[in-house]
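Input: a single structure, listed below in structure tokens.
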Amino acid sequence: MLSKGLKRKREEEEEEEEEKEALEVDAWWLDPGHPAVTQAPPNVASSSLFDLSVLKLHHSLRQSEPDLRHLVLVVNTLRRIQASMAPTVTLPPVPSPPLVPSVADNLLASSDTILSASMASLLEDLSQIEGLSQAPQPLADESPPGRPIGGAPPSLGALDLLGPATGCLLDDGLEGLFEDIDTSMYDSELWVPASEGLKPGPEDGPGKEGAPELDEAELDYLMDVLVGTQALERPPEQGR
Amino acid sequence: MVLQPSERHYRDWNHRRLGPWCSPTGSPAPLSCETGCGEGSWILVCRLLVPTQVNLLSMEEDIDTRKINNSFLRDHSYATEADIISTVEFNHTGELLATGDKGGRVVIFQREQESKNQVHRRGEYNVYSTFQSHEPEFDYLKSLEIEEKINKIRWLPQQNAAYFLLSTNDKTVKLWKVSERDKRPEGYNLKDEEGRLRDPATITTLRVPVLRPMDLMVEATPRRVFANAHTYHINSISVNSDYETYMSADDLRINLWNFEITNQSFNIVDIKPANMEELTEVITAAEFHPHHCNTFVYSSSKGTIRLCDMRASALCDRHTKFFEEPEDPSNRSFFSEIISSISDVKFSHSGRYIMTRDYLTVKVWDLNMENRPIETYQVHDYLRSKLCSLYENDCIFDKFECVWNGSDSVIMTGSYNNFFRMFDRNTKRDVTLEASRENSKPRAILKPRKVCVGGKRRKDEISVDSLDFSKKILHTAWHPSENIIAVAATNNLYIFQDKVN
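These protein sequence lines are chains A and B, in that order. Each step along the first sequence adds one to the number in UniProt numbering, with nothing skipped, and position 166 is 166. Each step along the second sequence adds one to the number in UniProt numbering, with nothing skipped, and position 9 is 9.
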């Protein structure tokens, strides 16, 4: 019933060590006589389930709009499995029971990082989707924590358009926001200063000089409004 | 009444295919309308295939209907994924039955009127109206596709000649008006009979247009569109007993709407944590109390139900009652939380009880007792030892619905292998029935099914390992006053009736 393909080579050496450790802790999770446990050998059960859950989590995160219920349930299950496999994983590297190998520790520790980073990135993205009026928060992603937050990482794809939401929308960011948006509405004749000659009309004359500056300021203001409340907090810019 | 050509073909197909009605066989079961549950008492009234757009077009042509009908049934390729039924709902009188599908379409069936000539036809449902409720959308700002699948349909109580229903996809709720037109104005002055404008200079006399009878037409028009109020996926809608408001619930929020106002809604529940990293629970279903317009319940993915009173505060984040059953220590596993996640919650018609469906059980709760349900029914406990496989293939996340019968004495819910289960709360009897093409001769009595858990399998039993987990009955509906049920199995809609009826 369990998918054999999920087993990794490393598991085989961990199994022996984990078996002894698992029986000391939270034994009821792995009680082979328990109807709730699968037919697979108990020492394999939790680590395979762990892998399966991580796979499911990643698959879920890769969706453009993940099913929140599915995601939450998988994450909670993953936490349970993780807790039962090595309850001491969250502690700093203190000499734990001698049988726990460093390999298992690293595995669980890195998984924890990936898990929380994935969850964090996804949930941050979700909260950003909701509206640009959210309090600016750093855009975490799966890369190493040392990465600068200033520019929007290109790997995020569509969410780039929302901007790094750090409150420091740069001019480039502003440009990037509107790259894909059809601006023909703003290119219409109404916005074109009469001096450009496209619409020679009664506006020729005294209003001519003032027109270019006025139009640009209005255009900027409009773009600011479109970007949202964050943009409104910025001082008005003088053209591009 | 005369139906549109496509619908007429459809109804004829229904009758022709299912043949002359045969009288029920076997000894009559000693049943009253009260219990409506028990062995040998349910018969198939009709099986309705929701036709695809392609088939509707070909039916309008002059082709041998029987040939189409036969190929229709044999050829599975006619049924596309868009035809998968995603919601079923009777209206308040039971005269109409609405289905929504993955393709965003709503099909409404109407009950055949009783007539002396065709006594056996009573209880049959035929197509009344079909319309495209939701279209696939693309959210350009987030670069996301919005599915057109209809998640829920809820009828409004009828207040005039027209019918009103709410239908919703993941993001947008729409109010539809379904009305009949059997007259049309004739004798315009400025238009000719084809609708072309006439040259005013040619008009020499004036006349008053008159209404003349025409072939009955059923038309559906969208009256309201309630959009842009949900960031997450809408899972429930519920019409309030005041008939002026309704609520829509997504994973993290519930909004209250007034039917007349589309650009504004009130947020009455918000469980979104300030830091999304702390998210551990989502809203799975919500419903208004049938009589008290200030009371509603919502269920969660952690197996809890909260009852809220809107009079207490504007934002009902603090519940009035909290229903949760303590975990059974002997049944704990990695999957305890997933299988406790409630997929549906329904008030009884009386308003005294709520029923919840989680993965393995149906529970009935008394509103006055929060610490445990008063009744628990095992739907398919034989799956408890298979949870790991079901987790692997994602079946453990399936969301089954549950329904009450009109008198709140019987509850029904679906299972796998096209099985559905009924539980009689009074006699404590239960039955497993199957909605399948192979076993469905018209008017034949449904044979109860049994799943063999282990040991020797008897002749008519099915072993757990032979169950088809791709055939799941997620959506069912029960007529508000009679023992007529509608069961959706992928793109098939089965209508069963209590034989005593």
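All residues carry an ideal CB built from backbone N, CA and C; glycine is no exception. None of these values were measured; they are calculated from a predicted model.
Original post:
Which residue or residues does DSSP assign as beta-bridge partners of H475 (chain B)?
Top reply: Within the second sequence, numbered from 1, the residue matching residue 475 (chain B) stands at position 475. According to DSSP, which records beta bridges pairwise, H475 (chain B) is partnered with B:A488.
**OP:** Measure from the alpha carbon of K56 (chain A) to the alpha carbon of each residue in B:L156, B:Y391, B:T168, then state which is nearest.
**Re:** For this step, residue 56 (chain A) is matched to residue 56 along the first sequence. Of the candidates B:L156, B:Y391, B:T168, the one whose C-alpha sits nearest the C-alpha of K56 (chain A) is B:Y391.
Original post:
Identify the residues that DSSP records as bridge partners of I462 (chain B): which are they?
Top reply: Start at 1 with the first residue of the second sequence, and residue 462 (chain B) comes out as number 462. In the DSSP output, where bridge partners are listed per residue, I462 (chain B) has B:V451.
Subject >> Closer than 7 Å at the beta carbon, the chain A residues around S236 (chain B) >> reply: As a working mapping, residue 236 (chain B) is identified with position 236 in the second sequence. Here the premise fails: no neighbours, minimum Cβ distance about 13 Å.
Subject >> Closer than 7 Å to chain B by CB, V72 (chain A) >> reply: Along the first sequence, one-based indexing puts residue 72 (chain A) at 72. Judged by the 7 Å Cβ criterion, V72 (chain A) is in contact with chain B.
Original post:
What does C452 (chain B) reach in chain A if we use C-beta pairs closer than 7 Å?
Top reply: As a working note, residue 452 (chain B) is residue 452 in the second sequence. Within 7 Å Cβ-Cβ: nothing; C452 (chain B) doesn't reach chain A, min ~17 Å.
Original post:
So V487 (chain B) packs on F419 (chain B), CB below 8 Å; how close in whole Å?
Top reply: Counting from 1 along the second sequence, the entry for residue 487 (chain B) is found at position 487. Counting from 1 along the second sequence, the entry for residue 419 (chain B) is found at position 419. Contact flag wrong, Cβ pair sits at about 10 Å.
Original post:
Cβ of S466 (chain B) less than 7 Å from any chain A Cβ?
Top reply: Within the second sequence, numbered from 1, the residue matching residue 466 (chain B) stands at position 466. Not an interface residue.
Original post:
Nearest chain B C-beta to L222 (chain A) closer than 7 Å, yes or no?
Top reply: On the first sequence, residue 222 (chain A) is found 222 positions in, with the first residue counted as 1. Cβ-Cβ to chain B under 7 Å: no for L222 (chain A).
Original post:
Out of curiosity, what's the CA-to-CA distance linking I305 (chain B) and R429 (chain B)?
Top reply: Stepping through the second sequence from its first residue, residue 305 (chain B) is reached at position 305. Stepping through the second sequence from its first residue, residue 429 (chain B) is reached at position 429. Distance between the alpha carbons of I305 (chain B) and R429 (chain B) is about 27 Å.
Original post:
By Cβ distance below 6 Å, which residues in the same chain neighbour S3 (chain A) in space, the five residues on each side in sequence not counted?
Top reply: Working through the first sequence from its first residue, we reach residue 3 (chain A) at position 3. Low confidence applies here, because S3 (chain A) scores a pLDDT of 46, under 50, leaving its location unreliable and the question unanswered by this model.
Original post:
Are the C-beta atoms of A27 (chain A) and some chain B residue less than 7 Å apart?
Top reply: Here residue 27 (chain A) refers to the residue found at position 27 of the first sequence. Because the pLDDT at A27 (chain A) is just 38, under 50, the model does not fix this residue reliably, and the value given afterwards should be weighed accordingly. Output row for A27 (chain A): interface = no.
Subject >> Close beta carbons around P213 (chain B), own chain, < 8 Å, minus the five adjacent residues each side >> reply: On the second sequence, position 213 is the one that residue 213 (chain B) refers to. Cβ neighbours of P213 (chain B) beyond the five flanking positions: D182, K183.
Original post:
Does the distance from the C-beta atom of I150 (chain B) to that of E89 (chain B) stay below 7 Å?
Top reply: Position 150 of the second sequence, counted from the start, is the residue given in the question as residue 150 (chain B). Position 89 of the second sequence, counted from the start, is the residue given in the question as residue 89 (chain B). No.
**OP:** Inspect the beta-carbon positions of E114 (chain B) and E124 (chain B) and report whether they are closer than 7 Å.
**Re:** Within the second sequence, numbered from 1, the residue matching residue 114 (chain B) stands at position 114. Within the second sequence, numbered from 1, the residue matching residue 124 (chain B) stands at position 124. In this structure, E124 (chain B) does not lie closer than 7 Å to E114 (chain B) by Cβ.
Original post:
Looking at the C-beta of L68 (chain A), does it have a partner C-beta in chain B at a distance below 7 Å?
Top reply: Position 68 of the first sequence, counted from the first residue, corresponds to residue 68 (chain A). Yes - at least one Cβ of chain B is within 7 Å of the one on L68 (chain A).
Original post:
Hey, how far is the Cα of I485 (chain B) from the Cα of T413 (chain B)?
Top reply: Within the second sequence, residue 485 (chain B) is the residue found at index 485, counting from 1. Within the second sequence, residue 413 (chain B) is the residue found at index 413, counting from 1. Spanning the alpha carbons of I485 (chain B) and T413 (chain B) requires a straight line of approximately 11 Å.
Original post:
Can you name the residues of chain A whose CB is closer than 7 Å to the CB of E81 (chain B)?
Top reply: Along the second sequence, read from residue 1 onward, the residue named residue 81 (chain B) stands at position 81. Going along chain A, no residue has its Cβ under 7 Å from E81 (chain B), so there is no contact; the nearest lies around 18 Å.
Original post:
On the premise that Y298 (chain B) lies in contact with A229 (chain B), defined as a C-beta separation below 8 Å, what is that separation, rounded to the nearest angstrom?
Top reply: Translated into the one-based positions of the second sequence, residue 229 (chain B) becomes position 229. Translated into the one-based positions of the second sequence, residue 298 (chain B) becomes position 298. With 8 Å as the limit, A229 (chain B) and Y298 (chain B) do not qualify as a contact, their Cβ atoms being about 16 Å apart.
Original post:
Per DSSP, N267 (chain B) forms a beta bridge with which residues?
Top reply: Here residue 267 (chain B) corresponds to residue number 267 of the second sequence, with the count starting at 1. In DSSP, N267 (chain B) forms a bridge with B:N255.
Original post:
Does the distance from the CB of I338 (chain B) to the CB of I43 (chain B) come in under 7 Å?
Top reply: One-based indexing of the second sequence puts residue 338 (chain B) at position 338. One-based indexing of the second sequence puts residue 43 (chain B) at position 43. No. Outside cutoff.
**OP:** Please state whether DSSP places S71 (chain B) in a helix, a strand or coil.
**Re:** For the purposes of this step, residue 71 (chain B) is identified with residue 71 of the second sequence, where counting begins at 1. Reliability fails at S71 (chain B), whose pLDDT of 36 lies under 50, so the model's placement of it is uncertain and the value that follows must be treated cautiously. Helix, per DSSP.
Original post:
What are the partner residues of K152 (chain B), as DSSP defines its beta bridges?
Top reply: Here residue 152 (chain B) refers to the residue found at position 152 when the second sequence is read from its first residue. Paired residues: B:T168.
Original post:
How about F334 (chain B): is its C-beta nearer than 7 Å to some C-beta of chain A?
Top reply: Counted from its first residue, the second sequence places residue 334 (chain B) at position 334. Under the Cβ distance rule, F334 (chain B) counts among the residues neighbouring chain A, one pair being separated by less than 7 Å.
**OP:** For my contact list, A435 (chain B) and A477 (chain B) are in at a C-beta cut-off of 8 Å; report their separation, rounded to the angstrom.
**Re:** Counting from one through the second sequence, the residue named residue 435 (chain B) turns up at place 435. Counting from one through the second sequence, the residue named residue 477 (chain B) turns up at place 477. The pair is not a contact, with the Cβ atoms about 13 Å apart (cut-off 8 Å).
Subject >> Length of the line joining the Cα atoms of L252 (chain B) and V269 (chain B) >> reply: Counted from its first residue, the second sequence places residue 252 (chain B) at position 252. Counted from its first residue, the second sequence places residue 269 (chain B) at position 269. Each residue's alpha carbon lies about 8 Å from the other.
**OP:** Give a yes or no on whether the C-beta atoms belonging to S53 (chain A) and V74 (chain A) are separated by under 7 Å.
**Re:** One-based indexing of the first sequence puts residue 53 (chain A) at position 53. One-based indexing of the first sequence puts residue 74 (chain A) at position 74. Contact flag set, yes.
**OP:** Please look up how many angstroms separate the CB atoms of S241 (chain B) and C293 (chain B), rounded, as I've assumed it's under 8 Å.
**Re:** Counting from one through the second sequence, the residue named residue 241 (chain B) turns up at place 241. Counting from one through the second sequence, the residue named residue 293 (chain B) turns up at place 293. Right, their Cβ atoms sit about 5 Å apart.
**OP:** Kindly indicate if chain A contains any beta-carbon less than 7 Å away from that of S301 (chain B).
**Re:** Locating residue 301 (chain B) in the second sequence gives position 301, counting from the first residue. Closer than 7 Å: yes.
Subject >> Contact set between the segment 42-59 of chain A and chain B, restricted to residues whose Cβ is under 7 Å from the partner >> reply: Within the segment 42-59 of chain A, the qualifying residues are L49, L52.
**OP:** Tell me whether the beta-carbon of M355 (chain B) lies closer than 7 Å to the beta-carbon of I271 (chain B).
**Re:** Sequence index remark: in the second sequence, residue 355 (chain B) carries index 355 (1-based). Sequence index remark: in the second sequence, residue 271 (chain B) carries index 271 (1-based). Their beta carbons are not under 7 Å apart, which means M355 (chain B) does not touch I271 (chain B) by this criterion.
**OP:** Tell whether a beta-carbon distance below 7 Å holds between L493 (chain B) and N417 (chain B).
**Re:** Within the second sequence, the letter at position 493 stands for residue 493 (chain B). Within the second sequence, the letter at position 417 stands for residue 417 (chain B). No. Outside cutoff.
Original post:
Quick one, which of B:K363, B:M276, B:I108, B:T427 has its alpha-carbon nearest I374 (chain B)'s?
Top reply: Translated into positions along the second sequence, residue 374 (chain B) becomes position 374. Nearest C-alpha to I374 (chain B): B:K363.
Original post:
Which of the three DSSP states, helix, strand or coil, is assigned to E370 (chain B)?
Top reply: Your numbering for residue 370 (chain B) matches position 370 in the second sequence. Of the three classes helix, strand and coil, the one that applies to E370 (chain B) here is coil, per DSSP.
Subject >> Sequence-distant residues of its chain with Cβ nearer than 8 Å to Y353 (chain B) (five each side left out) >> reply: Working through the second sequence from its first residue, we reach residue 353 (chain B) at position 353. Within the same chain, Y353 (chain B) has close Cβ partners F347, V364, W365, D366, L367, I374, D408.
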